[in-house]
Amino acid sequence: MGKELLMKVLNHEDTKGQLPWIPFAGVHAGKLKGYSGRDVLTDSAKLIESLREVYKLYQPDGMPITFDLQLEAEILGCELMWADYNPPSVVSHLFDKEKGIPCKCKFPTPESGRIPVVLEAMRVMKEEIGDKTALYGLICGPLTLASHLRGSDFFKDIRKDPDYVVQLTSFCAEYAQKMADLYIDAGMDVIAVVDPLVSQISPKVFANLMHEPFKAVFDYIRLKGVKSSFFVCGNASYQIKVMCDTYPDSMAVDENVDMVSAKAITDQYNIALSGNIPLTTTMLFGTQQDNIKGVLDLMDSIDNKHNLIISPGCDMPYDVPLENTAACALAVHHPDEARAMVVDYSASDFDQIEIEIPNYSGLDKVYIELFTLDPEQCAACTYMVKSVTDIFDEIKDMADYIVYKYFIKEDIARTAKMGLKNLPTMCIDGESVYISIIPDGDELIAEITKRYNAKHNK
Amino acid sequence: MTQLILLTGFLGTGKTTLMERLLHYYGDSPVGVIVNEFGEINIDARLLEKDGTIMRELSNGSIFCSCIKENFIKALIDMSSPNFEYLFIEASGLADPGNMQQILQTIEPYTVHPYHYSGSICVLDGEAFLELKDLLPAVGNQLTQAGVVLVNKEDLISPAIKAEIQAEVRKANIQAPIYFTSYCNIDINTLVMNLQPSKSASLDSTNTPENRPQTFIIKVLPSVTINELQGFLNFVAPYTYRIKGFVTVGDSNYSVSCVRSHMMIMPWPRDIPASEIVLISAVGIGLTGAIADGINMNAPKSIKL
Chain A
1 MGKELLMKVL
11 NHEDTKGQLP
21 WIPFAGVHAG
31 KLKGYSGRDV
41 LTDSAKLIES
51 LREVYKLYQP
61 DGMPITFDLQ
71 LEAEILGCEL
81 MWADYNPPSV
91 VSHLFDKEKG
101 IPCKCKFPTP
111 ESGRIPVVLE
121 AMRVMKEEIG
131 DKTALYGLIC
141 GPLTLASHLR
151 GSDFFKDIRK
161 DPDYVVQLTS
171 FCAEYAQKMA
181 DLYIDAGMDV
191 IAVVDPLVSQ
201 ISPKVFANLM
211 HEPFKAVFDY
221 IRLKGVKSSF
231 FVCGNASYQI
241 KVMCDTYPDS
251 MAVDENVDMV
261 SAKAITDQYN
271 IALSGNIPLT
281 TTMLFGTQQD
291 NIKGVLDLMD
301 SIDNKHNLII
311 SPGCDMPYDV
321 PLENTAACAL
331 AVHHPDEARA
341 MVVDYSASDF
351 DQIEIEIPNY
361 SGLDKVYIEL
371 FTLDPEQCAA
381 CTYMVKSVTD
391 IFDEIKDMAD
401 YIVYKYFIKE
411 DIARTAKMGL
421 KNLPTMCIDG
431 ESVYISIIPD
441 GDELIAEITK
451 RYNAKHNK
Chain B
1 MTQLILLTGF
11 LGTGKTTLME
21 RLLHYYGDSP
31 VGVIVNEFGE
41 INIDARLLEK
51 DGTIMRELSN
61 GSIFCSCIKE
71 NFIKALIDMS
81 SPNFEYLFIE
91 ASGLADPGNM
101 QQILQTIEPY
111 TVHPYHYSGS
121 ICVLDGEAFL
131 ELKDLLPAVG
141 NQLTQAGVVL
151 VNKEDLISPA
161 IKAEIQAEVR
171 KANIQAPIYF
181 TSYCNIDINT
191 LVMNLQPSKS
201 ASLDSTNTPE
211 NRPQTFIIKV
221 LPSVTINELQ
231 GFLNFVAPYT
241 YRIKGFVTVG
251 DSNYSVSCVR
261 SHMMIMPWPR
271 DIPASEIVLI
281 SAVGIGLTGA
291 IADGINMNAP
301 KSIKL
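Chain order of the listed sequences is A and B. The opening position of the first sequence corresponds to residue 1 in the UniProt record's numbering, with each subsequent residue numbered one higher. The opening position of the second sequence corresponds to residue 1 in the UniProt record's numbering, with each subsequent residue numbered one higher.
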């Protein structure tokens, strides 16, 4: 157990079936000491107190210091909206009106923005627990940072102005290298490049436009002598191979990705895979037994335990009960004892909640349903919702829309009833049209117009 | 009144060699020097260190770019106090001096002793010029803003190439005298006497913080061998505009200089501040991968980022 075990996995060594465990306690760390998400992301003393609690309660083999993909964008001039129980979200974009590249004089320094808060926590935790647990410094990936800077038009740029996309993501990759420098100097063992939006572009686009910036970041981290991880959220099943081609030491995926299939690919590259305890249905709303059973089922489903790490799928929701996370830790570290606790236990589900599905054909307007994990905190979900709100003035006479959130029980039940496997997904008149792909404005207007005209026999 | 002379020219053309010759020639006169390096470490300042010369180093960008222009202005004002006979400024190889005369107008009210701008000497690499001339706007502007053009490395070019260079330079700059040399070996008095400010209109410099090429600093451990170092440099050089620095190999110090495929590793008789090499990328962020591969293939234990 502990750092040694995790580092063995990251070095691709044999651990004789023992698996490491990393609780991705971002703002959730604050809950353990009664602090808000904003408290722990802006106050190093509160963050340190909370991280001590994570270490004590969850017995991690590795743990992140913070999980905040907005820190870099804020330094570069984007405005954030803060929430008490979530990380902040980006609400204004530097280049949404006019394309641009930020000045390199804005590369991060130890004094930039909220970096001093993070560095202080890194230094203290390194000193206190750095030889017992591997510490993760999380940085925003080049694609997500580029989207924060440019806004939702970035997805249009991918199609219409790839040269600009290359320039902006190159800047963001260089920025990520500088962030890695700061966190490595503060003693981080692993630098995780977190890029939820990778799941929202096609593998071909990734290979053509994103391979170089991501590979440059992972090469750089390796040259600096520490380990790397590539975190992605959403349905990245089709992107796993192109992500592997950028050669991180490890990769983390959420519940949208089938671990068995993903591991078959990562094994070919000798890259460690981390995942993917369901964040909401199991960790947030499940019982302790659900969590134990979930982790055991996950471990049992994967034959090859080499290069495997057990973790939540992504940043844990603030309100995850601590006993659920502790149950996950127990199941990973002591699977035999945990197995005895859930003999004959069947997991709870959301089937009993009654859900009414709209009569789509009877509606006058086209009905857009946005099924999201969290429209504010999940970057992919934010940009999918924005793809509708940005053009809504142009389609409001033809369409209505609604946003569902996977942290509300009724919305979880609705997602299940619709048969959706991946979030975010945009359904139009009950049909899954955009699954983990963010449409650009022109494309969406054309789709809505076509459907509206069909409805009215035009 | 201080005569102000600017040295421009792309990376690796021979500006520092020319500066050495200028400092040697004016050795008995009161002269000041400003050395501008694009990378974070000022290698050229080390090369030019000389007792009695007052030198100011401006690193990590072009002096004509807003990133360090403020420091350049302060340095010019400071260097106006001693009443030098000459102030020589060696610009970074990526510098675009289009706004030099604007800068001098800006500082005029603040200088202690006035400057007289004698003009800029643009040093060209005769062997590489035809290949590089359209590479970056800064290279073209160095030429159009020149008061004298010195085509260096004459020994490496044929008469036909020489004629072609002559024609290209004339296209860009109809007034500046053109001299062909090797190792910047030219009569300094003739060079300086024929120097005059360019009559080309002042322009905004194309040096901006946004378009700065990426630079990397590589640390070289004394355990490296010359063969390993050469292997690494040979591998990464095609991905760079310029590589330079000082290294310790075993017990000995060396200066390192690469321009395209030309590599020089020369014994360095003095102490060095650190065994480090600066690489200026010609391929943006992609140089990271080349450095990683170059290290892995040649010196995985002795060269670090």
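All C-beta atoms, glycine included, are put in the ideal place defined by N, C-alpha and C.
Report, in whole angstroms, the separation of the C-beta atoms of residue i and residue j, which I expect to be a contact under 8 angstroms.
i                : j                : result
ASP43 (chain A)  : VAL117 (chain A) : 7 angstroms
LEU168 (chain A) : LEU149 (chain A) : 7 angstroms
PHE216 (chain B) : ASN298 (chain B) : Going by Cβ atoms, the distance from PHE216 (chain B) to ASN298 (chain B) rounds to 16 angstroms, so no, they are not a contact pair.
VAL342 (chain A) : ILE292 (chain A) : 5 angstroms
PRO213 (chain A) : SER250 (chain A) : Actually they do not touch by this definition, with Cβ atoms about 19 angstroms apart.
ALA252 (chain A) : SER311 (chain A) : 6 angstroms
So what does residue i bridge to, in DSSP terms?
i                     : result
ASP400 (chain A)      : A:TYR367
LYS219 (chain B)      : B:GLU276, B:LYS304
ARG242 (chain B)      : B:ILE280
TRP21 (chain A)       : A:ILE310
GLY32 (chain B)       : B:ILE54, B:LEU87
THR2 (chain B)        : B:TYR115
SER274 (chain A)      : A:ALA252, A:ILE309
GLU431 (chain A)      : A:ILE428
residue 522 (chain A) : Only positions 1 to 458 of chain A appear in the structure, and residue 522 (chain A) is not among them; the question remains open.
LYS132 (chain A)      : DSSP output for LYS132 (chain A) lists no bridge partner at all.
CYS140 (chain A)      : A:VAL194
VAL149 (chain B)      : B:CYS122, B:ILE178
Can you pull the chain A residues whose beta carbon is under 8 angstroms from the beta carbon of residue i, in chain order?
i                : result
ILE277 (chain B) : Within chain A, no residue comes near ILE277 (chain B); the closest Cβ sits about 14 angstroms away, beyond 8 angstroms.
GLY245 (chain B) : Correct list: empty, because the minimum Cβ distance to chain A is about 17 angstroms.
CYS67 (chain B)  : CYS103, LYS104, CYS105
LEU305 (chain B) : TYR220, LEU223, LYS224
ILE295 (chain B) : LEU223
ARG21 (chain B)  : Those within 8 angstroms of ARG21 (chain B) in chain A number zero; the least Cβ separation is about 34 angstroms.
For the ligand PLP, is there any heavy atom lying closer than 6 angstroms to the beta carbon of residue i?
i                : result
LEU322 (chain A) : The model depicted lacks the ligand PLP and carries no ligand whatsoever.
Could you tell me which of the options sits nearest to residue i, measuring between CA atoms?
i                : options                                : result
ILE5 (chain B)   : B:GLY12, B:VAL33, B:ASP28              : B:VAL33
LEU124 (chain B) : B:ARG56, B:LYS15, B:SER275, B:ASN227   : B:LYS15
GLU85 (chain B)  : B:ASP28, B:ALA282, B:VAL151, B:PRO222  : B:ASP28
ASP78 (chain B)  : B:VAL112, B:PRO177, B:VAL149           : B:VAL112
LYS263 (chain A) : A:LYS241, A:LYS99, A:THR109            : A:LYS241
THR282 (chain A) : A:ASN235, A:CYS105, A:ASP440, A:TYR406 : A:TYR406
LEU287 (chain B) : A:THR425, A:VAL217, A:TYR345, A:ALA326 : A:VAL217
TYR117 (chain B) : B:VAL192, B:HIS262, B:ASP44, B:LEU22   : B:VAL192
GLY2 (chain A)   : A:LEU119, A:PHE107, A:GLY130           : A:GLY130
THR133 (chain A) : A:ASP163, A:ARG451, A:LYS8             : A:LYS8
ASN185 (chain B) : B:LEU47, B:GLU228, B:MET19             : B:MET19
ASP204 (chain B) : B:LEU132, B:LEU305, B:ASN71, B:PRO137  : B:PRO137
HIS262 (chain B) : B:THR240, B:ILE188, B:GLN105           : B:THR240
TYR434 (chain A) : A:PHE230, A:SER202, A:ILE48            : A:SER202
GLY98 (chain B)  : B:ILE161, B:THR206, B:ILE89            : B:THR206
ALA91 (chain B)  : B:PRO30, B:GLU164, B:GLY12, B:SER198   : B:GLY12
In chain B, which residues lie less than 8 angstroms from residue i when you measure between Cβ atoms?
i                : result
ARG222 (chain A) : ALA292
So which residues on chain B does residue i lean against when the C-beta distance must stay under 9 angstroms?
i                     : result
residue 463 (chain A) : Residue 463 (chain A) falls outside the range modelled here, since chain A spans only 1 to 458, and no answer is possible.
What residues in its chain sit with their C-beta under 7 angstroms from that of residue i, if we drop five residues either side in the sequence?
i                : result
ALA172 (chain B) : GLY140, LEU143, THR144
GLU369 (chain A) : ILE402, TYR404, CYS427
ARG414 (chain A) : ILE355, TYR404
ASN194 (chain B) : VAL148, PRO177
List the residues of chain B that residue i touches, going by C-beta distances under 7 angstroms, in chain order.
i                : result
PRO213 (chain A) : ILE285
SER170 (chain A) : GLY284, ILE285
ALA173 (chain A) : ILE285
Considering only residues of the same chain and omitting the five flanking positions on each side of residue i, which have a CB-CB separation below 6 angstroms?
i                : result
PRO213 (chain B) : ILE280, SER281
GLY430 (chain A) : TYR360
PRO439 (chain A) : SER387
ARG123 (chain A) : ALA186
LYS331 (chain A) : Note on identity: in this sequence residue 331 (chain A) is Ala, with Lys being the wrong assignment. For ALA331 (chain A), where only same-chain residues beyond five positions count, the Cβ hits under 6 angstroms are ILE292, VAL295, LEU296, ALA338.
THR248 (chain B) : PRO222, SER275
ILE295 (chain B) : ILE303
LEU71 (chain A)  : ARG114
Using a Cβ cut-off of 7 angstroms, pull out every chain A residue sitting near residue i, in sequence order please.
i                : result
GLU40 (chain B)  : Near GLU40 (chain B) there are no residues of chain A at all, since even the closest Cβ is about 12 angstroms away, more than 7 angstroms.
GLY289 (chain B) : LYS215, ALA216, ASP219
PRO209 (chain B) : CYS103, LYS104, CYS105
ARG212 (chain B) : LYS104
By Cβ distance, which residues of its chain are closer than 8 angstroms to residue i, with the 5 residues on each side in sequence left out?
i                : result
PRO269 (chain B) : ASN253
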